[in-house]
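In my numbering, the protein residues as written are 1 to 220.
In structure tokens:
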């Protein structure tokens, strides 16, 4: 059965912009499984954000906002002590994947909204536990903040997150979001970077055409 690999980072602004497009694709193709691999945009960073980086990232956020219309808050960027370390947010997605694989994308999107739309600090263990446990509970997976933190802080979660980063490097993927189609052990790139829903269907169709004449038709 074909499936999609979604290589992304919850603190990647273009991944945030891509969220509605990916959601529409999965809604239109309900039989297609999705597996998240966290890519690690800025993992293990320890440097406080300086003005130059703040300005650069702020400009990128504006570009994503202009393209997608999604809301952005500058509250996180405005913090003078903010360290743009994406490992904790990535590890929260991995912890969710360990607890309930079917809800990992729900947690991924919840972290994105918390960071980009609400401006909260998703490098904080407490913020991540609150957001992730709420998202899991809403998805029908009863999880307390304490239970989530136990998994999040486990050696298994730390190692699995690192392994995702390393796998991303082995694949040669350097930009996010990246979507890969997996069929019978074969990997084919669907897209590297943001694309809108109609283009996603076209790209998937071009891959399917290599093996079959069956059309890719998203339900509407």
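From the three backbone atoms N, C-alpha and C, an ideal C-beta is built for every residue, glycine too. Treat the numbers as computed from the prediction; the structure is a model and nothing was measured.
Using beta-carbon positions only, say whether residue 38 and residue 5 come within less than 8 Å of one another. Not in contact: residue 38 and residue 5 (Cβ atoms no closer than 8 Å).
Are at least three pairs of beta-carbons, each pair with one atom in the segment 165 to 180 and one in the segment 3 to 20, less than 8 Å apart? Contact between the segment 165 to 180 and the segment 3 to 20 is present, with at least three C-beta pairs closer than 8 Å.
Does DSSP put residue 192 in a helix, a strand or coil? Residue state, collapsed to three classes: strand.
Rounded separation between residue 110 and residue 16 - CA only: Spanning the two alpha carbons is a distance of roughly 10 Å.
Just checking my contact of residue 125 with residue 149 at CB under 8 Å: how many whole Å lie between their CB atoms? Separation of the CB atoms of residue 125 and residue 149 is rounded to 7 Å, and the pair is thereby assigned contact status at 8 Å.
Would you mind sorting residue 221 into buried or exposed? The rule is 16 or more other CB atoms within 10 Å of its CB. Within the shown structure, residues of the chain are numbered from 1 to 220, placing residue 221 beyond reach of any answer.
Ignoring anything shorter than 4 residues or poking outside the segment 135 to 184, list the alpha helix (DSSP H) runs there in chain order. Counting only runs of 4 or more, we get 145 to 152, 155 to 170.
Selection from 19, 13, 40 that minimises the alpha carbon distance to residue 161: Of the listed residues, the one whose Cα sits closest to residue 161 is 40.
Where the alpha helix (DSSP H) through residue 33 begins and ends: The continuous stretches of alpha helix (DSSP H) do not include residue 33, which lies in the beta strand (DSSP E) extending over residues 33 to 38.
Extent of the continuous alpha helix (DSSP H) run through residue 41: For residue 41, there is no enclosing alpha helix (DSSP H), as DSSP marks it with neither H nor E.
Could you tell me the distance, in whole angstroms, from the CA atom of residue 67 to the CA atom of residue 140? Looking at the two C-alpha atoms, the distance is approximately 33 Å.
Quick one, which of 194, 35, 195, 190 has its alpha-carbon nearest residue 209's? Among 194, 35, 195, 190, the Cα nearest to that of residue 209 is on 190.
Kindly list the residues whose CB is nearer than 7 Å to the CB of residue 19, restricted to its own chain and excluding five residues on each side of it in sequence; keep chain order. 109, 112.
Where residue 94 and residue 169 are concerned, what is the direct C-alpha to C-alpha distance, given to the nearest angstrom? Whole-angstrom Cα-Cα distance: 17 Å.
So, for residue 12: in the same chain, excluding its five sequence neighbours on each side, which residues have a beta-carbon less than 6 Å away from its beta-carbon? So the qualifying residues of the chain are 41, 176.
Thinking just about the alpha-carbon of each residue, which of 62, 142, 153 is nearest to the one in residue 100? The residue from 62, 142, 153 with its alpha-carbon nearest to that of residue 100 is 142.
For residue 3, report the span of its alpha helix (DSSP H) as first-last. Under the DSSP assignment, residue 3 falls outside any alpha helix (DSSP H), being part of the beta strand (DSSP E) whose first and last residues are 3 to 8.
Just confirm the distance between the C-beta atoms of residue 128 and residue 152, as a whole number of angstroms; I'd bet it's less than 8 Å. Between residue 128 and residue 152 a beta carbon distance of about 7 Å is seen, short of the 8 Å cut, so the two are scored as contacting.
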